[in-house]
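Protein chains in written order, with the numbering used here: chain A, 598 to 842; chain B, -13 to 306. Ideal Cβ positions, reconstructed from N, Cα and C, are used throughout, including at glycine. Owing to the predicted nature of the structure, the values given are computational and were not obtained by experimental measurement. First the structure, in the form of structure tokens, and then the observations on it.
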Amino acid sequence: MPLLATRTLSKNFGGLKAVDGLDLVLEEGQILGVIGPNGAGKTTLFSLIAGSIPPSSGEVLLDGTRVNGQQAYRMVRAGVVRTHQIVRPFPNLTVLENVMVGAIHARGRATGAARDRAEEVIGFVGLGDRTHSLPGTLTLAGRKRLELARALATAPRVLMLDEVIAGLNPSEAQGLAVLIRRIRDERSVSVIMIEHVMPAVMSLSDRVLVLDQGRKIAEGTPLEVVNDPAVVVAYLGENHGGATA
Amino acid sequence: MMARIRTLPHSRVVTAYLIAVALLVALPILTNLSIYTHNLMTLTFLSVAGALAWNWMGGFLGQVSFGHAAMFGVGGFVAARILLWAPVPAPLAWLAGGLVAGIFALGAHPTLRLRGPYFSIATIGLGEAARLIFTYWEDFTGGSSGLSLPIDPDMKHCLYWWCLGLVVLVAAASWFIRRSALGLQLLAIKADADAAADLGVSATFYQDLMFCLSGAVMGLTGGMWASYFSFIEPNDMFGFDRSIGFVLMAVIGGVGTVWGPILGAVVFVLLRQYLLASYPQLYLGLYGLLLIFIILFEPLGLTGLLLRLWRRLRISRLAA
């Protein structure tokens, strides 16, 4: 049984089908890349799974149990957590306090005080020397690591990353890619990542799902996907249909 | 359910707090306080408790309520009715008033999805609705002619200590909320309710909880207020200016801090006493000016000013 799955998941905003009958499967221990042109419905898909917005139809299954209709905070406690493309730290709380907010309701209420758990996660993402700084003093890469740390502090089973690598310089991007792999390998967290930075998607993902206008147009290993003509059309337009990516 | 996140308060803070409380307890016994001062201090304690409880919503959660007089009034009238109905000890009646007010506060549940100014405007509506309902519910509140309560002078004298006890408890509760996992979550909701939800924090649950707790303290305060004056009347108890008063106390002292509402309430009551006597026409205008200055120049109010002063002193001492 897959860890997380969606079945004909759809979301309409008025006449616009932001997500249209989507089937998605995430196996335990997998990193699933989600790519697609702007407006393809990637972030909406995350919001649907995270419970931030209710789906118009279809369902979300966690361990085979239907979980859609749950509010966001309940999904977190069930083990599904997301990060945001535009990072949203609590500006008046220190790095430690930011992460502690996530640690308080950690799934299964792992033993140990929230503070200890938060400190451990902060060390894991490499912000150990900034524990008592305010988020505003961190670089963008630092704030992305903080966003990761907060999400990890909730002890998730499924971590949804919305463009954590985008906007970083190559060495920072490399650092975060390494971190994402460690999250999967060392903390046994399964990952769904939306990403535009293709080298990162290609190297990290076990499987890639391509969305266009709310629909799945391709799915497979990274190599299969980039050679799929439908994907090339979606990214480059009809005239390039014959070109290889 | 709460994870412990911080250690106990600094021992110096606890010592200072206990000494201050002990001094206040002993003050009327050791010195010959005039009745005027004795009473003024009793009323100040009640204002401090109210301002602290208001701050749980307005400060910690960032939901500025302009309707807290509603719970104050409900607590007052429930306590009054109980005291008129049966010879129960007054503290039990106050507790009952607090309990009912806390439950009554949950009636504000529909405002939960509103944040910021929208929430504030909704609370104005709820507060005024409560005032009108209780003014016209003559069987319960006696309407505009109010209710007179039996009270023995001993009780009125002892209220000083009861009210001080309330302040001690509410101040300690404020401190623990601020320093606990609960307080951290409240601050997270205040900063970004959606981001907090994405970390497992239910904004609706904590807002209900804080509204209920804050309302319960308001109700307790209202009950003691009723006993103190031995006469209460809906338009006064539920008055809009009473709601504004709690907002002003917290803002003057420093919204969201633990000590701010205490400082603010003391300054507010004393200033009001002086201004009402000397410039009865001007006093509301002066509060308005004060509010503008604080919001423009020192959003943390008196607490912010004191902190700045303290830092400057420390820097000059380090430089010397």
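In angstroms, rounded to a whole number, what distance separates the CA positions of residue i and residue j?
i	j	result
B:Leu118	B:Phe63	14 angstroms
A:Arg754	A:Val786	5 angstroms
B:Gln49	B:Leu32	22 angstroms
A:Leu606	A:Glu656	6 angstroms
B:Tyr104	A:Thr603	36 angstroms
A:Glu783	A:Val718	12 angstroms
A:Thr734	A:Ile814	41 angstroms
A:Thr708	B:Tyr192	Confidence is the limiting factor: at A:Thr708 the pLDDT is only 48, short of 50, which leaves the residue's position unreliable, though a coordinate-based value still follows. When rounded, the distance between both Cα atoms is 24 angstroms.
B:Met235	B:Arg(-2)	27 angstroms
A:Lys608	A:Gly720	38 angstroms
B:Ala79	B:Lys142	15 angstroms
A:Arg747	A:His681	11 angstroms
B:Ile107	B:Ala305	49 angstroms
B:Thr97	A:Glu624	41 angstroms
A:Leu619	A:Val631	12 angstroms
Return helix, strand or coil for residue i, following the three-state DSSP convention.
i	result
A:Val616	strand
A:Thr641	helix
B:Val50	coil
A:Pro787	For the sequence presented, residue 787 of chain A should be read as Ser rather than Pro. Here A:Ser787 sits in strand by DSSP.
A:Asn609	strand
A:Val631	strand
B:Arg305	Before going on, a small fix: residue 305 of chain B reads as Ala here, not Arg. Three-state result, B:Ala305: helix.
A:Ser730	coil
A:Tyr832	helix
B:Ile175	helix
B:Ser213	helix
A:Ile780	helix
B:Arg101	coil
A:Ala710	coil
A:Glu662	Rather than Glu, the amino acid found at residue 662 of chain A in this sequence is Thr. Residue state, collapsed to three classes: strand.
B:Arg(-10)	Residue confidence for B:Arg(-10) is low, a pLDDT of 46 falling below 50, so the modelled location carries little weight and cannot support an answer.
B:Arg294	helix
A:Glu656	strand
B:Ser166	coil
B:Ile218	strand
B:Leu32	helix
A:Ser800	helix
A:Leu693	helix
B:Ser160	helix
A:Ser649	coil
B:Ser188	coil
A:Arg685	coil
B:Leu133	strand
For residue i, report the span of its beta strand (DSSP E) as first-last.
i	result
B:Phe63	Segment Ala55 to Trp71 is the alpha helix (DSSP H) holding B:Phe63; no beta strand (DSSP E) there.
A:Glu624	Careful: A:Glu624 lies outside any beta strand (DSSP E) and carries neither H nor E.
A:Arg679	Val677 to Arg679
A:Ala815	Arg812 to Gly817
A:Arg804	Arg804 to Asp809
A:Leu756	Val755 to Asp759
For residue i, is the classification buried or exposed, using 16 other Cβ atoms within 10 angstroms of its Cβ as the cut-off for buried?
i	result
A:Leu613	exposed
A:Asn644	One point to set straight first is that residue 644 of chain A is Ser, not Asn, in the sequence displayed. A:Ser644 should be labelled buried.
B:Tyr273	buried
A:Met697	buried
A:Ile683	exposed
A:Met598	exposed
B:Gln171	buried
A:Leu808	buried
A:Val794	buried
B:Asn18	exposed
What are the start and end residues of the alpha helix (DSSP H) that includes residue i?
i	result
B:Val74	No alpha helix (DSSP H) holds B:Val74; DSSP gives it neither H nor E.
B:Asp227	Phe226 to Gly239
A:Met598	Taken as a continuous stretch (DSSP letters only), A:Met598 belongs to no alpha helix (DSSP H), as it is neither H nor E.
B:Val11	Ser(-3) to Leu16
A:Ala738	Leu737 to Ala750
B:Ser264	Gly246 to Ser264
B:Asp125	Glu124 to Thr127
Below 8 angstroms on the Cβ atoms is my guess for residue i versus residue j; work out the distance and round it to an integer in Å.
i	j	result
B:Val241	B:Gly45	5 angstroms
B:Gly246	B:Gly287	6 angstroms
B:Tyr214	B:Leu145	5 angstroms
B:Ala182	B:Leu135	At roughly 44 angstroms, the Cβ-Cβ gap does not stay under 8 angstroms, so B:Ala182 and B:Leu135 are not in contact.
B:Thr225	B:Ala55	Sequence check: residue 225 of chain B is Gly here, not Thr. Correct: roughly 6 angstroms between the Cβ atoms.
A:Arg778	A:Gln627	The pair is not a contact, with the Cβ atoms about 12 angstroms apart (cut-off 8 angstroms).
B:Leu38	B:Ser160	5 angstroms
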